[in-house]
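Q: Protein chains in written order, with my numbering: chain V, 1 to 293; chain S, 294 to 586; chain R, 587 to 879; chain F, 880 to 1172; chain D, 1173 to 1465.
After the structure tokens below, expect a handful of questions from me.
In structure tokens, the structure reads:
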């Protein structure tokens, strides 16, 4: 992720950085332009359809459905944004819980217990790192897929690393309790933070391995495709060669909305818009180190 | 469920897998096409209505209501998606709580207590399996129906299996407490996870046995039906035989949205878009086995 | 409530069960049809307005506002649905908490304590029954009304039955604690379930006694009324006698959305779409009986 | 607040009670009608613009923006409704927590401790009364204003009454704990209810002293103003004198939505649509009295 | 922030205070007006395009997309508002938790322990002040940026002040527990408030350092730019010189929505619409001082 100044309009309008949807669309936009040119040429120059041809009124369909497709795509983008923001919230909670746990342990542990301090100073930030690696693995993404994945040798067999790390923390805390280093009341006070680690992991896995239902996603793409493919038929007779930029621009808008949705609905990848998990893990390391240092 | 690459447009547009809404719609689409053809033939070739006939302006109605129907369907689909996603969240919590419970028990139980470990290693994953079977039974779906169901011999009589499994876990945990294997503080720390099982079960049952209100659902279908059935009357005079693909496509869009909503609003069935409960239960088994192993 | 198969389109489109919005609307629809006929007759046959009359363009207003009214009604319906679904969630929690409480008590109570078991076996399901009766009384609905209600003799005086039942449960549990039948840790573990009963009751009362603000609700009805009443003036000149079915259908759509909203915004009545509270209470009785049996 | 039957359409359409938005709008509606008349007279009778004048097409702008303004206002109203409903929820929680606290105390306190019972019987309902008075004071509303308020002598100086009441309750409970009248487990069980009082107060203060951002609110009003003021210029040439009722009605719809939003976004005032806090406080008094009586 | 009377329409429409979006837009509005004038002059006076030119129908595109852009912007503004309101909620919780903590400590601490009282009287309000300063620093905003920031000398190195303050509070509370000034039950009762401080800090940091995804934000700006830039081409032929105010007004509406969103999506800055954190911190100081005084 890179932080941008949302008030800088010139940059947003004229620069096309790696994170922009325009880039991957360029080849398709050229194709759409050529396709529109073909349709216009066919209707206007070859078939010489009159202005009163029935074909002109095909645009009525695009008006009737223009609303449905816009709405569908805006909702789609918002659902994707909600997933992205939910992912960000979980990583925010990871920061908070790591900090809180560190602060509490710093206070609970006897001043001279350097061993436990060093242990937690290493293990708490380790969780974030392990979670990040876990979420970026293909086997996590395909966890719920019904097909076999022979291409992934570790599919379904490998150890669940974040679980292991969480387990070691819980183990340590409960040992401290058993050895009466921390009291029962303190154990209860620590419970919220400790249980939260696996909760966060599970929630992130859910976002990762469950895209929106296939039938929904496929329908939107089919809808965009047919909508744009039929657009020049109606427009050619009212706009002539203006049809070419118009169709291209309409496709750009519709496809961009879908592309943005696709990109942000999985916030745990390595795209430019994905969450800066490495950076957050680093911050956790800094915070915990400072607290338990 | 099968995991798909949401960035693969060609597959989404041109392949029509089992999970696609296009398949079940094909017969109806053919019927709509024939029906539109009939109307166009009637108006244009048989009655020979002029272009200025009042009938042409019926399209005004479709414009005025086009907005309402699109919006209604997009909201409908989103409500259904929310239910689907809520169901997914509950099964995600089931994973988290199963993991957390296993991790805590692994730490709390004395090293030599193999009996209890084996017990929980079997019973925790069993809950997910029992819940899955419970949610797929007809008697669960019809639990709140006001009509009698003589065709279901076990309707209203059978034992509630997930409850039984939860009960045995709670029973075991509290026995450990009574026998002072785990302390009162530890009991409190375990309480959240243990109570959550029946909460998850209840929430899933709610989604399963309460579809959206009948009057709402029936109204949407009536609306689509009348909207599409009257469409060719107005379009025939402005578009001629183009009315046939246009009406068919508009019906395809409206009906697809409704079909997708119907499919995903009950996420606990056996459709292709339904939640992979078997897979999740398997994962729980794997996780718990690894932790308590 | 009756469970319906949401995939059965024929039933939804052609049958008009008691729960359908079409039934209560029929007289008004006939009136609207007659009214439209009157306007068309007046403009077309009596005044013989030309096609270019200014009146024709009144339809511009309906286009400009068509969007606002559709959106308003769809939002209205969704707000009502949210209330309905919130009500359903609270009754779902009631099921969960009743189950959890029964399971925990079954485990906590000494095997030989048949008295307490019998007590809870009767009182837990009683709460659901009492709550149902409480929510269906007029005095609950009018609890926050600023007007006096001499027609309700018990208004503001009668005992709050669900409170009484909850109180007896809490009383019993705390007595068990005082008599050391259950420990302090167990008391804490039971607290969540026990407190939840009055929370659920309060939340249901809130939904029951607070409809959406009057000015909002009245505005929507006024808007529908004026919108539909002015519709034939503009349409008559472009559609002739087609105005009659068109106006009637547009009114059907708008009024249905409002009617559905009215019906489901109070989910605790006795309409066909209301929550099956009797059935849920029965299920609680079955579950609790099975657990504590 | 007065309870109304949402199914009574005649009342909603034809009666204009104090709570209706129509009343305060009447003078402005008359002004808009006169203004529209002026524009129509100017264009049609004075300037005698032809039907093909460019001015006629100004309506294109109103079509393009009609969507934006409707959507903005519907969202605005919904945001306001959410605040109103959130306020209602907090007062609902106040009822629940007051009840739960009373029930628990009734059980926890020794039978003979009449003093404490009397104390809570008075103080719990007092909180609701104090909160109501606190929320209706101008100094609460202006708490976060950056300007000085010399006209309010108590601004920023006065004692926070609800805080004082909450403090006295917490003080009493903890004294009971210190004097071992209630145990530590019971203290924990009471903590949720007791802490919730200040939480509810804070949440209500937030709704009260933070209207939606000024730039948002001012923009909506400017938008409505310019939209309606330019409307007759375009309509006059297509509708003639029909422009007058049409413009007036469009203004009525847009302004009503904004007015409703303004009225309900602060649910703690004394408007007819505001929350019946006095009534709720009275109910709390009744409930608590019945429980602790 | 300044409190405004949302019912004062004249102020909202005619005054243009610092917080209004109109101010920063004025230069761009002038530019758009000149640009539109240029296009109209070109098409109407220079090229003398006929009314039937294909160019006129470019407006079809603006109609088809007018819906998408309005919807996108309204959703954008609402997402921003949600962030603003979430920020407000967190600062509201800070007020509540500060109050609750102070009230509880006032009760728990022995009457004679002036030292601890003075400590908390200073440190609790200090947290709000430290959090405010922390959120307004550039290094907090850029925390997750992937680029280096040599211009910020303290970037990534400086001590996390709110953490330090929270740590000192937790340290103090647990010391009181260790010294048996407060009991274990009281420690548990204080835990919620104490842990919440870092949670609130983390949530505010999240809002601050994570703007909406760049690709989304950039797309909206590109869309507005192209939409408005192409608008005069189509309008010039139907509206003549009316195109100039119309294009300018449409741009004003679209850009205002985006500007408002930009301004409120980060509620922790120093804009007029940002949260009055200084004021809130002051109120916390007042409340805590009154309680612990």
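The C-beta atom is built at its ideal place from N, Cα and C for all residues, glycine as well.
Please read these numbers as outputs of a predicted model, since none were measured by experiment.
1) Which bits of chain S does residue 222/V rub up against, with CB to CB less than 8 Å?
2) Roughly how far, in whole angstroms, is the beta-carbon of residue 1139/F from the beta-carbon of residue 900/F, given that I think they are within contact range, below 8 Å?
3) With distances taken between CB atoms, is the gap from residue 1156/F to residue 1087/F smaller than 8 Å?
4) So with CB distances below 9 Å, who are the chain R contacts of residue 1092/F?
5) From this set, 944/F, 893/F, 1048/F, which residue's C-alpha is nearest residue 1005/F's C-alpha?
6) Since residue 203/V and residue 485/S should fall inside the 8 Å C-beta cutoff, what is the C-beta to C-beta distance between them, to a whole number of angstroms?
7) Taking contact to mean 3 or more Cβ pairs, one atom from each stretch, closer than 8 Å, check whether the segment 424-433 of chain S and the segment 568-582 of chain S are in contact.
8) Rounded to whole angstroms, what is the Cα-Cα separation between residue 1244/D and residue 176/V?
9) Is the CB of residue 923/F under 8 Å away from at least one CB in chain D?
10) Excluding five sequence neighbours on each side, which residues of the same chain lie with their C-beta closer than 8 Å to the C-beta of residue 1118/F?
11) Rounded to whole angstroms, how far is the Cβ of residue 250/V from the Cβ of residue 1397/D, which I believe are closer than 8 Å?
12) Give a yes or no on whether 8 Å exceeds the smallest Cβ distance from residue 266/V to chain D.
13) Taking 8 Å as the cut-off, decide whether the C-beta atoms of residue 351/S and residue 490/S are in contact.
14) Which residues in chain R have a C-beta closer than 8 Å to the C-beta of residue 942/F? List them in chain order.
15) How about residue 1107/F and residue 654/R: are their beta carbons less than 8 Å apart?
16) I need the DSSP call for residue 127/V, collapsed to helix, strand or coil.
17) Please say whether residue 628/R and residue 353/S have beta carbons closer to each other than 8 Å?
18) For a minimum of 3 consecutive residues, which ranges assigned as the beta strand (DSSP E) are wholly contained in the segment 926-997 of chain F?
19) Taking residue 416/S and residue 452/S to be in contact with their CB atoms under 8 Å, please state how far apart those CB atoms are, rounded to whole angstroms.
20) So for residue 858/R, helix, strand or coil by DSSP?
21) For residue 187/V, which residues of its own chain have a beta-carbon under 6 Å away from its beta-carbon, when the five flanking residues on both sides are left out?
22) Can you round the beta-carbon distance between residue 978/F and residue 749/R to whole angstroms, since I take them to be within the 8 Å contact cut?
23) What residue range does the alpha helix (DSSP H) around residue 432/S cover?
24) Go ahead and pull the three-state DSSP assignment for residue 1179/D.
25) So for residue 182/V, helix, strand or coil by DSSP?
26) Tell me which residue opens and which closes the alpha helix (DSSP H) that residue 1146/F is part of.
27) With DSSP as the reference, label residue 730/R as helix, strand or coil.
28) Closer than 8 Å, CB to CB, is residue 710/R near chain S or not?
29) Below 8 Å on C-beta distance, what does residue 729/R contact in chain F?
30) Could you please tell me which residues of the segment 469-492 of chain S, in chain order, have their CB closer than 7 Å to any CB of chain R?
31) Below 8 Å on C-beta distance, what does residue 127/V contact in chain S?
32) Which residue from 185/V, 35/V, 172/V puts its Cα closest to that of residue 119/V?
33) Which chain V residues are close to residue 329/S, counting only those with a beta carbon under 7 Å from its beta carbon?
34) Is it the case that the Cβ atoms of residue 558/S and residue 506/S are separated by a distance below 8 Å?
35) Please say whether residue 576/S and residue 199/V have beta carbons closer to each other than 8 Å?
36) When the cut-off is 8 Å and only beta carbons count, does residue 1226/D lie next to chain V?
A: In brief:
1) Locating residue 222/V in the first chain gives position 222, where the first residue counts as 1. Taking a Cβ-Cβ cut-off of 8 Å, the neighbours of residue 222/V in chain S comprise 305, 306, 315, given in sequence order.
2) Position 260 of the fourth chain, counted from the start, is the residue given in the question as residue 1139/F. Position 21 of the fourth chain, counted from the start, is the residue given in the question as residue 900/F. Contact holds; Cβ gap of about 6 Å.
3) Taking the first residue of the fourth chain as 1, we reach residue 1156/F at position 277. Taking the first residue of the fourth chain as 1, we reach residue 1087/F at position 208. No Cβ-Cβ contact shorter than 8 Å links residue 1156/F with residue 1087/F.
4) Numbered from its first residue, the fourth chain carries residue 1092/F at position 213. Chain R residues near residue 1092/F: none, gap ~22 Å exceeds 9 Å.
5) Here residue 1005/F refers to the residue found at position 126 of the fourth chain. Minimum Cα-Cα distance from residue 1005/F among the listed residues 944/F, 893/F, 1048/F corresponds to 1048/F.
6) What you label residue 203/V is simply residue 203 of the first chain in a count that begins at 1. What you label residue 485/S is simply residue 192 of the second chain in a count that begins at 1. That pair is no contact at about 16 Å.
7) The segment 424-433 of chain S vs the segment 568-582 of chain S: in contact.
8) Against the fifth chain, residue 1244/D aligns to sequence position 72. Against the first chain, residue 176/V aligns to sequence position 176. Linking residue 1244/D to residue 176/V through their CA atoms gives a straight-line distance of about 54 Å.
9) Taking the fourth chain and counting its residues from 1, the one referred to as residue 923/F is at position 44. When Cβ-Cβ separations below 8 Å define contact, residue 923/F makes no contact with chain D.
10) Here residue 1118/F corresponds to residue number 239 of the fourth chain, with the count starting at 1. Residues 1125 of the same chain have their beta carbon placed closer than 8 Å to that of residue 1118/F, with the five preceding and five following residues left out of the count.
11) In the first chain, the residue the question calls residue 250/V occupies position 250. In the fifth chain, the residue the question calls residue 1397/D occupies position 225. Incorrect: roughly 16 Å between the Cβ atoms, too far for contact.
12) Within the first chain, the letter at position 266 stands for residue 266/V. Output row for residue 266/V: interface = no.
13) If you number the second chain from 1, residue 351/S lands on position 58. If you number the second chain from 1, residue 490/S lands on position 197. Going by C-beta atoms, residue 351/S is not nearer than 8 Å to residue 490/S.
14) Within the fourth chain, numbered from 1, the residue matching residue 942/F stands at position 63. Here the neighbours are 649, 650.
15) Along the fourth chain, read from residue 1 onward, the residue named residue 1107/F stands at position 228. Along the third chain, read from residue 1 onward, the residue named residue 654/R stands at position 68. Not closer than 8 Å, so no.
16) Translated into positions along the first chain, residue 127/V becomes position 127. The answer is helix: DSSP assigns residue 127/V an H, G or I state.
17) Reading the second chain from its first residue, position 60 is the one you call residue 353/S. Reading the third chain from its first residue, position 42 is the one you call residue 628/R. Contact: no.
18) The segment 926-997 of chain F contains no whole beta strand (DSSP E) run of 3 or more residues.
19) Here residue 416/S is taken as the residue at index 123 of the second chain, counted from 1. Here residue 452/S is taken as the residue at index 159 of the second chain, counted from 1. Not quite, the Cβ-Cβ distance comes to about 16 Å (not below 8 Å), so this is no contact.
20) Against the third chain, residue 858/R aligns to sequence position 272. Here residue 858/R sits in coil by DSSP.
21) Along the first chain, read from residue 1 onward, the residue named residue 187/V stands at position 187. Apart from the 5 residues on each side of it in sequence, residue 187/V sits with its Cβ closer than 6 Å to the Cβ of 177 in its chain, given in chain order.
22) If you number the fourth chain from 1, residue 978/F lands on position 99. If you number the third chain from 1, residue 749/R lands on position 163. Residue 978/F to residue 749/R, Cβ: 6 Å. Contact.
23) One-based indexing of the second chain puts residue 432/S at position 139. For residue 432/S, the uninterrupted alpha helix (DSSP H) run begins and ends at 431-434, by DSSP.
24) Against the fifth chain, residue 1179/D aligns to sequence position 7. Looking at residue 1179/D - three-state DSSP - the assignment turns out to be coil, as it is neither helix nor strand.
25) Locating residue 182/V in the first chain gives position 182, where the first residue counts as 1. Secondary structure of residue 182/V (DSSP, three-state): coil.
26) The residue you call residue 1146/F lines up with position 267 of the fourth chain. Under the DSSP assignment, residue 1146/F falls outside any alpha helix (DSSP H); it carries neither an H nor an E label.
27) The count along the third chain starts at 1 and reaches residue 730/R at position 144. In the structure shown, the three-state DSSP call for residue 730/R is coil.
28) Here the question's residue 710/R lines up with position 124 in the third chain. Output row for residue 710/R: interface = no.
29) As a first step, residue 729/R is located in the third chain; it is residue number 143 there, counting from the start. Under the 8 Å cutoff, chain F gives 1158, 1162.
30) Of all residues in the segment 469-492 of chain S, only 477, 480, 481, 484, 488, 491, 492 place a beta-carbon less than 7 Å from a beta-carbon of chain R.
31) Translated into the one-based positions of the first chain, residue 127/V becomes position 127. What residue 127/V touches in chain S: nothing, since even the nearest Cβ is about 13 Å away.
32) In the first chain, counting from the first residue as 1, residue 119/V sits at position 119. Of 185/V, 35/V, 172/V, the smallest CA-CA separation from residue 119/V is found for 172/V.
33) Taking the second chain and counting its residues from 1, one reaches residue 329/S at position 36. Within 7 Å Cβ-Cβ: nothing; residue 329/S doesn't reach chain V, min ~12 Å.
34) If you number the second chain from 1, residue 558/S lands on position 265. If you number the second chain from 1, residue 506/S lands on position 213. No. Outside cutoff.
35) Reading the first chain from its first residue, position 199 is the one you call residue 199/V. Reading the second chain from its first residue, position 283 is the one you call residue 576/S. No, Cβ-Cβ distance for residue 199/V and residue 576/S is not below 8 Å.
36) Taking the first residue of the fifth chain as position 1, residue 1226/D is located at position 54. Residue contact with chain V for residue 1226/D: present (Cβ-Cβ distance below 8 Å to some residue of chain V).
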